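Chains as they are written, first to last, in my numbering: chain A, 1 to 139; chain B, 1001 to 1139; chain C, 2001 to 2139; chain D, 3001 to 3139.
C-beta: ideal position from N, C-alpha, C; glycine also.
In this text the structure is predicted, and so the values were computed from the model without any measurement.
Data block below; observations after.
4 protein chains.
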Amino acid sequence: MTPGHGIIRDETGTQRLIGYTLDVGQPDRRARCRLVVDERHTNRHGVLHGGIAAVLLDNACGATASLTLDDSGRQPFLTISLNTDFIGAGRPGGVTATGRVIGGGRSLVFVGADLVQDDGTLIATASGVFKRVPAEAAP
Amino acid sequence: MTPGHGIIRDETGTQRLIGYTLDVGQPDRRARCRLVVDERHTNRHGVLHGGIAAVLLDNACGATASLTLDDSGRQPFLTISLNTDFIGAGRPGGVTATGRVIGGGRSLVFVGADLVQDDGTLIATASGVFKRVPAEAAP
Amino acid sequence: MTPGHGIIRDETGTQRLIGYTLDVGQPDRRARCRLVVDERHTNRHGVLHGGIAAVLLDNACGATASLTLDDSGRQPFLTISLNTDFIGAGRPGGVTATGRVIGGGRSLVFVGADLVQDDGTLIATASGVFKRVPAEAAP
Amino acid sequence: MTPGHGIIRDETGTQRLIGYTLDVGQPDRRARCRLVVDERHTNRHGVLHGGIAAVLLDNACGATASLTLDDSGRQPFLTISLNTDFIGAGRPGGVTATGRVIGGGRSLVFVGADLVQDDGTLIATASGVFKRVPAEAAP
């Protein structure tokens, strides 16, 4: 296995804009979405913007859903619904959202994720419904 | 009233990064968060990233909560919980999230928002719980 | 049209237990779920139990989803996810949850509902994802 | 400690109507809400009604929030928002919802819960925001 196997960078416009990385290569099949928070990612209180937190949680969930199908983490899933609870303030520095499969079947998968500061502080949690995009129907 | 009254631009790092504007000057006291979607805001399917949609919806809701206090739209409210339903694909071009107060009281306000393409197509809806930041406690 | 057309009573064990009625015969195709709240439906604060509110909202949403298919309101839909915001205290007396379709397609439908006291006070709102049960797959 | 310490039965009208028990006496300070599902609790598919599932999850969460204050499990908390994901069909027989504190502070607590069949099958999960009722303000 080569170094960096399973790390997705700069894949989409949003990923390049915000600057997160997506790790779909861990043996627990839980995708990680990581960002080093700086002043581009903060709100008027100087803390991580809730919407940026949602971007990270959504990506970690969607890629974890994808890992239920194969090892690439790139099979497309659409977010149907996402509920996010904002537990604490995210500070500048490294933060990581890690997904976990809660349940589901062939086309719909329930996935949760926690967003955690590098010091272990829980920033936000999310859970949502993700739908497999059929190969012929992918937009 | 001067031109641009009530339009907030480039206020925070996240706002500058993503490039949306926030209109808190409408007589219906419903804040609008507007973005012209381009390739920086799309996901691997070429459509508006769900997380960016969440940023717009969250901002429209939070500023609408703020407008329950005064006309500035700048009194800080924290997002406690936000649930987002993704109804349809957002396409490149103009999209606007518009908030509406659902209920609440002194410190907690329930707010919903719809995110709509300029052609009227509904992209996503959200509802959430927002908490007033006491003046002495604002981070 | 006969009196009581479109009113479903005592159809399921839960409906008989709690005592609500379901109206799927209105021309706006929005299902109503109605309950006369008494001491069997209240929590330790003497107000409508949040779970009972969720029962009413869930039923109104599911039946409204069903009305997207035909006039019977009985085509089965499963609740995939439901988010409920509790706006105010429900008091003993009549309350009605009314559904509305937000969006969706062939198999998944997004539906919202408001639960309102007879005097017009908003008690709770909900939105959720509902899935059509294929005829051959209904449990 | 007497047998049955920490078991709350028949406390409210809703509890008597539906017939669940609430266990607030476990050393992990996670409240359990238990129901033996029978035909009074099922929907038109013969499976546990989603609203009844929400009742159990809501009670387990609220009582777990209460256990953050003292051992009684009876300090009142109001449900502000509750999101429920329906993972699988609940069958007649014993089911238990178990709460867990996710985060929070003085007045708002984030709590999650899982509803599990006695054979270990996950039926539904929930997470929500719960607010402490001040002693002077309890309705």
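Once you ignore the five residues that flank GLY1099(B) on each side, which residues in its own chain have a CB closer than 6 Å to its CB?
For the purposes of this step, residue 1099(B) is taken as residue 99 along the second sequence, with counting starting at 1. Around GLY1099(B): ARG1030, ALA1031, ALA1060, CYS1061, THR1064, VAL1111, ALA1113.
Could you name the residues that DSSP lists as bridge partners for GLN117(A)?
The count along the first sequence starts at 1 and reaches residue 117(A) at position 117. Looking at the DSSP assignment, GLN117(A) forms a beta bridge with VAL95(A).
Does chain A have any CB closer than 7 Å to the CB of ILE2007(C)?
Here residue 2007(C) refers to the residue found at position 7 of the third sequence. No, ILE2007(C) lies away from the interface with chain A (no Cβ there is under 7 Å from its Cβ).
Assuming THR68(A) contacts VAL109(A) (C-beta within less than 8 Å), just tell me the rounded distance between them.
Locating residue 68(A) in the first sequence gives position 68, counting from the first residue. Locating residue 109(A) in the first sequence gives position 109, counting from the first residue. About 6 Å; that satisfies the 8 Å criterion.
What does the alpha-carbon distance come out to for the pair THR2079(C) and VAL2129(C)?
Position 79 of the third sequence, counted from the start, is the residue given in the question as residue 2079(C). Position 129 of the third sequence, counted from the start, is the residue given in the question as residue 2129(C). Their Cα atoms are separated by approximately 6 Å.
Are the C-beta of ARG3091(D) and some C-beta of chain E separated by less than 7 Å?
This model lacks chain E altogether, as its protein chains are A, B, C and D.
Would you say ILE2080(C) faces chain A, with C-beta separation under 7 Å as the test?
Within the third sequence, the letter at position 80 stands for residue 2080(C). Closer than 7 Å: yes.
If distances are taken between C-alpha atoms only, which option among GLY3013(D), GLN3026(D), THR3014(D) comes closest to ILE3007(D)?
For the purposes of this step, residue 3007(D) is identified with residue 7 of the fourth sequence, where counting begins at 1. Nearest C-alpha to ILE3007(D): GLN3026(D).
Where does GLY3094(D) land, buried or exposed, given buried means 16+ other C-beta within 10 angstroms?
Here the question's residue 3094(D) lines up with position 94 in the fourth sequence. Under this definition GLY3094(D) is an exposed residue.
Which value, in whole angstroms, describes the spacing of the CA atoms of GLN1117(B) and GLY51(A)?
Counting from one through the second sequence, the residue named residue 1117(B) turns up at place 117. Counting from one through the first sequence, the residue named residue 51(A) turns up at place 51. Those two C-alpha atoms are separated by around 19 Å.
C-beta neighbour in chain C for LEU3069(D), strict 7 Å
Walking along the fourth sequence from the start, residue 3069(D) turns up at place 69. Taking Cβ atoms only, chain C never reaches closer than 7 Å to LEU3069(D), which makes this a no.
Which ranges does the beta strand (DSSP E) cover as unbroken runs of at least 3 residues, wholly within the region 34 to 91 of chain A, from first to last along the chain?
77 to 86
For the beta strand (DSSP E) containing GLY3128(D), list its first residue and its last residue.
Along the fourth sequence, read from residue 1 onward, the residue named residue 3128(D) stands at position 128. Start and end: 3122 to 3132.
Under the three-state DSSP convention, the category ARG3032(D) falls into:
By one-based count along the fourth sequence, residue 3032(D) stands at place 32. It is a strand residue.
For ARG132(A), which option in THR125(A), HIS49(A), GLY104(A), THR84(A) has the closest C-alpha, if you only look at C-alpha atoms?
By one-based count along the first sequence, residue 132(A) stands at place 132. Checking every option, the nearest Cα to that of ARG132(A) belongs to GLY104(A).
What in chain C is Cβ-close to SER1072(B), meaning under 8 Å?
Counting from one through the second sequence, the residue named residue 1072(B) turns up at place 72. Residues of chain C passing the Cβ test: none, with the nearest at roughly 25 Å.
Using only alpha-carbon positions, find the residue among ILE2123(C), HIS2045(C), SER2081(C) that is nearest to PRO3134(D).
Position 134 of the fourth sequence, counted from the first residue, corresponds to residue 3134(D). For PRO3134(D), the nearest C-alpha among the options comes from HIS2045(C).
Could you tell me how far apart the beta carbons of THR2042(C) and THR3012(D) are, in whole angstroms, since I believe they sit closer than 8 Å?
To locate residue 2042(C), count along the third sequence from 1; it is residue 42. To locate residue 3012(D), count along the fourth sequence from 1; it is residue 12. 6 Å between Cβ atoms; contact.
Quick check on GLY2120(C): buried or exposed, where buried means 16 or more other Cβ atoms within 10 Å of its Cβ?
Position 120 of the third sequence, counted from the start, is the residue given in the question as residue 2120(C). Answer is exposed; the Cβ neighbour count stays below 16.
Contacts that VAL143(A) makes with chain D (C-beta to C-beta distance below 9 Å)
The displayed coordinates of chain A run from 1 to 139. Any statement about residue 143(A) would go beyond what the structure contains.
Just curious, the alpha helix (DSSP H) that THR2021(C) is in, first and last residue?
The residue you call residue 2021(C) lines up with position 21 of the third sequence. First-last for THR2021(C): 2021 to 2023, but that is the beta strand (DSSP E), not the alpha helix (DSSP H).
According to the neighbour-count rule (16 or more other Cβ atoms, all chains shown, within 10 Å of its Cβ), is GLN3015(D) buried or exposed?
Locating residue 3015(D) in the fourth sequence gives position 15, where the first residue counts as 1. So GLN3015(D) counts as buried.
Rounded to whole angstroms, what's the CA-CA distance from ASP1038(B) to PRO1092(B)? Just pull it up for me.
Within the second sequence, the letter at position 38 stands for residue 1038(B). Within the second sequence, the letter at position 92 stands for residue 1092(B). Approximately 5 Å, taken between the alpha carbons.
What is the DSSP secondary structure of GLY2013(C), counted as helix, strand or coil?
For the purposes of this step, residue 2013(C) is taken as the residue at position 13 of the third sequence. GLY2013(C): helix per DSSP, three-state reduction.
For a cutoff of 7 Å on Cβ pairs, would you count ARG1044(B) as touching chain A?
Against the second sequence, residue 1044(B) aligns to sequence position 44. Yes, because at least one Cβ of chain A sits closer than 7 Å to the Cβ of ARG1044(B).
Short check: CB of GLY73(A) to CB of SER81(A), under 7 Å?
Locating residue 73(A) in the first sequence gives position 73, where the first residue counts as 1. Locating residue 81(A) in the first sequence gives position 81, where the first residue counts as 1. Against a cut-off of 7 Å, the Cβ pair of SER81(A) and GLY73(A) comes out as no contact.
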